[in-house]
Amino acid sequence: MTLFLVSVAAFLAFQVIPGDVVRSILGTEATPEREAQLREELGLDKPPVERYISWADDVLHGDFGVSYRYSKNMNEMMPVKELIGDKLPVTLYLAVLSFVMIVLVSIPLGYCGQNVEAGS
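For the sequence shown, position 78 (counting from the first letter as 1) is numbered 78 according to full-length UniProt numbering, and the numbering increases by one without interruption.
Printed below as a string of structure tokens:
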């Protein structure tokens with residue numbers, strides 16, 4: 001339930017922030033016809049509820065879509081799965097290191113705190 005609510009909140013947040021992904025991709029010199037064509041290709045011409053359901057279905061099947069900001073080259077958008085995969089090892093390393101440090105600090109502090117209370 002929490003994941004669902006967070007995904008809905010994130011989706012809604014991206015619906016209300018200013019900016020247009022089509023203009024960001026094509027630039028300000030794009031023709032209205034090309035903008036309409038790209039909106040259709042990206043599914044941005046559909047209602048928000050339909051876009052959310054389509055996105056959620058894709059995510060549940062392991063398809064995270066493509067990044068509109070990062071690209072492999074000028075004509076090919078980079079899959080989000082690759083962006084996550086590139087950063088995941090470092091993220092996991094930092095998470096494990098943080099957990100180890102928390103355990104190494106919290107257990108001695110808890111033990112010392114218990115001995116202080118017992119001695120009072």
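For every residue, glycine included, the Cβ atom is placed at its ideal position computed from N, Cα and C. These figures come from a predicted structure and were not determined experimentally.
Could you check whether residue j and residue i sit closer than 9 Å to each other, using their CB atoms as the reference points?
{"i": "P79", "j": "F64", "result": "yes"}
{"i": "Y68", "j": "I25", "result": "yes"}
{"i": "E77", "j": "V59", "result": "One point to set straight first is that residue 77 is Met, not Glu, in the sequence displayed. It is not a contact, given that the beta carbons lie outside the stated cut-off."}
{"i": "E35", "j": "R23", "result": "yes"}
Please check the pair residue i and residue j, which I expect to be a contact at CB under 8 Å, by giving their CB distance rounded to whole angstroms.
{"i": "S54", "j": "G43", "result": "7 Å"}
To the nearest angstrom, how far is the alpha carbon of residue i from that of residue j?
{"i": "L97", "j": "S7", "result": "28 Å"}
{"i": "M101", "j": "T2", "result": "28 Å"}
{"i": "Y70", "j": "G85", "result": "14 Å"}
{"i": "L104", "j": "K81", "result": "34 Å"}
{"i": "T31", "j": "D45", "result": "17 Å"}
{"i": "N73", "j": "L83", "result": "14 Å"}
{"i": "P108", "j": "F99", "result": "15 Å"}
{"i": "N75", "j": "G110", "result": "56 Å"}
{"i": "F11", "j": "S106", "result": "37 Å"}
If you measure from the beta carbon of residue i to each beta carbon in chain C, is any gap under 9 Å?
{"i": "L38", "result": "Note that chain C does not occur in the displayed structure, where there is just one protein chain."}
* **Uninterrupted alpha helix (DSSP H) stretches inside the stretch 65-105 (no shorter than 4 residues)** => Runs of the alpha helix (DSSP H) lying entirely within the stretch 65-105, each at least 4 residues long, are absent.
* To do: Ignoring anything shorter than 3 residues or poking outside the stretch 5-67, list the beta strand (DSSP E) runs there in chain order.
  => The DSSP assignment places no complete run of the beta strand (DSSP E) inside the stretch 5-67 (cut-off: 3 residues).
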